[in-house]
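Inspection log for the structure reproduced underneath, given as structure tokens.
If you want it as structure tokens, here you go:
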């Protein structure tokens, strides 16, 4: 039955193509699957079209949409486009045959519709004004995201350099780490959306510095959600940046091996005490910072390491960093084949691992991250695909800001929609990157090599990471 249905669909598309005439090859610049090229004479309400080029160059909010009424037909016809793309399968009605010509001017025996022309001009002016305002909004958002990018890249360089100096110049190293923590708090408090970029767009930097910076950002974000003062956030930030310093002297074969034997696992678990003793010798860290380094792998149920602490015996700061660390290990593990979506990580931590971490803090963490965390690839109700670039407000958790994928529009001009302001559009579901085209992922997550959602297309892999 499925086979017959697919044949029927293919036949329908072929029939429409024959009836409407196949365009000459030199007219078709970027036809997509199931699309045909038509002209303005074939437009009518119910036809789904795609206008070539950037949405900034015309009077419509979207490049691809179903024509709603005759007014939109007139407006599109007035643009004098050399070609328009029609998605036959997703149209409510097929386009008109080529011999049925729609004219934007009145016939010779009929008076000109001056009122209609004035109405059309007014409509175009209104939409153009709306586009100008939206363009300004997008430009403002981009400036904020660019500022966050710059902060992250500078912080990454500082952390890498600080780690190199830990053994020879520990005081200088800690000063650099402290500076990164303090500046990051300022960025977070002045613009919470910057946390999105700091975490999802990890730039070109790999290794432990990238992980440390992500854990610091997530921990400070959680601490801020918990209502901690800036001094406490600063302490947590320093401890989070240093939480894995015990691994700095370990051979990569131990760190990168996800199938460690008993001896290798014991060596791996020793990084907490090794890091603690190294940090203690520096003589500049507070007890809370030292405790984060020692106990960030402890679990509420007492099954963590190195001391098998239980419940409130684990310090508040260590519990915060433990949640941040676990989330980043799930979404950005050493073995990228084991990475999972941010929304999947939150669901796993809540449903399958809620006995491992502080449940109240986990609730706050999920509230801070949102139902669809930044970096999530989603399908909208109008069937467009996008990436969440800013968390939803607490009072409207299902409506974040989304950057829309449009193959013919440069990413620098991509539309960013605030779903809280667009009641007619909603998120239908998150998408699995393993099922998305490579060009789409490159567009939405250009730095995905070390971002949350890096995938190589090698099938499903269960997420079981330490770290």
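Residue numbers (the working numbering): 156 to 622.
Built from N, CA and C at the ideal position, the CB exists for glycine as well.
* residue 507 to residue 517 span [Cα, whole Å] -> The alpha-carbon atoms of residue 507 and residue 517 are separated by roughly 12 Å.
* Exposure of residue 578, with buried meaning 16 or more beta-carbon neighbours within 10 Å -> By the neighbour-count rule (16 or more Cβ atoms within 10 Å), residue 578 is not buried but exposed.
* Asked: So which of 365, 481 and 450 has the shortest CA-CA distance to residue 469?
  -> If you compare the alpha carbons of 365, 481 and 450 with that of residue 469, the shortest gap goes to 450.
* For the alpha helix (DSSP H) holding residue 339, just list the boundary residues, first then last. => Start and end: 325 to 345.
* Asked: With 16 other CB atoms within 10 Å as the buried threshold, where does residue 556 fall?
  -> Classification for residue 556: buried.
* To do: Specify the secondary structure class of residue 536 as computed by DSSP and reduced to three states.
  => Of the three classes helix, strand and coil, the one that applies to residue 536 here is coil, per DSSP.
* Asked: How about the stretch 518 to 529 and the stretch 481 to 499: do they share at least three Cβ pairs that are nearer than 8 Å?
  -> The answer is yes - the stretch 481 to 499 touches the stretch 518 to 529, with three or more Cβ pairs under 8 Å.
* Based on the DSSP secondary-structure assignment, which residues constitute the bridge partners of residue 243? -> Residue 243 pairs with nothing; no bridge assigned.
* Asked: If we count the other Cβ atoms within 10 Å of its Cβ and call it buried at 16 or more, is residue 375 buried or exposed?
  -> Under this definition residue 375 is a buried residue.
* To do: Can you check the stretch 395 to 468 for any alpha helix (DSSP H) of at least 4 residues that lies completely inside it and give the ranges in chain order?
  => Runs found: 407 to 410, 417 to 424, 426 to 437 and 442 to 450.
* Selection from 200, 431 and 248 that minimises the alpha carbon distance to residue 226 -> It is 200 whose Cα lies nearest to the Cα of residue 226.
* Less than 8 Å separating the beta-carbons of residue 596 and residue 588? -> It is a contact, given that the beta carbons lie within the stated cut-off.
* **C-alpha distance - residue 612 paired with residue 594, whole-angstrom precision** => Confidence at residue 612 is low in this model, with a pLDDT of 33, below 50, so the placement of that residue is unreliable and no value is reported for it.
* **Contacting residues, own chain, Cβ-Cβ under 7 Å from residue 387 (five flanking each side not counted)** => Only 378 meet the Cβ criterion.
* **For residue 190, the first and last residue of its enclosing beta strand (DSSP E)** => Residue 190: member of the beta strand (DSSP E) spanning 190 to 193, first to last residue.
* In its own chain, which residues sit with a C-beta less than 8 Å from the C-beta of residue 439, not counting the 5 before and 5 after it? -> Sequence-distant Cβ neighbours of residue 439 in its own chain, meaning closer than 8 Å and more than five residues away, are 325, 326 and 329.
* Asked: Residues in its own chain within less than 6 Å of residue 234 by CB, not counting five upstream and five downstream?
  -> Contacts found: none.
* Taking all protein chains shown into account, decide if residue 539 is buried (16 or more other Cβ within 10 angstroms of its Cβ) or exposed. => Residue 539 should be labelled buried.
* Asked: Who are the Cβ neighbours of residue 344 in its own chain at under 8 Å, not counting the five residues just before and after it?
  -> So the qualifying residues of the chain are 379 and 385.
* DSSP beta-bridge partners of residue 221 -> In the DSSP output, where bridge partners are listed per residue, residue 221 has 203.
* Identify the continuous beta strand (DSSP E) that holds residue 584 and give its terminal residues. => Residue 584 -> beta strand (DSSP E) spans 582 to 585.
* **Counted within 10 angstroms of its Cβ, other Cβ atoms place residue 514 as buried (16 or more) or exposed** => With fewer than 16 other CB atoms across the displayed protein chains lying within 10 angstroms of its CB, residue 514 is exposed.
* Leaving out five residues on either side along the sequence, give the residues of the same chain with a beta carbon under 8 Å from the beta carbon of residue 533. => If we look at residue 533 and ignore the five residues flanking it on each side, its Cβ neighbours are 527, 540, 541, 542, 543, 557, 582, 583, 584, 585 and 586.
* Is it the case that the Cβ atoms of residue 421 and residue 453 are separated by a distance below 8 Å? -> No Cβ-Cβ contact shorter than 8 Å links residue 421 with residue 453.
* Asked: Run through DSSP, which three-state label would residue 571 get?
  -> In the three-state DSSP reduction, residue 571 falls in the strand class (E or B).
* Taking the alpha-carbon positions, what's the residue 308 to residue 295 distance? -> The straight-line gap from Cα to Cα measures roughly 20 Å.
* Own chain, CB closer than 8 Å to residue 599, minus 5 neighbours either side, in chain order -> Within the same chain, Cβ atoms closer than 8 Å to the Cβ of residue 599 are found at 532, 540, 541, 542, 558 and 560, the five residues on either side in sequence being excluded.
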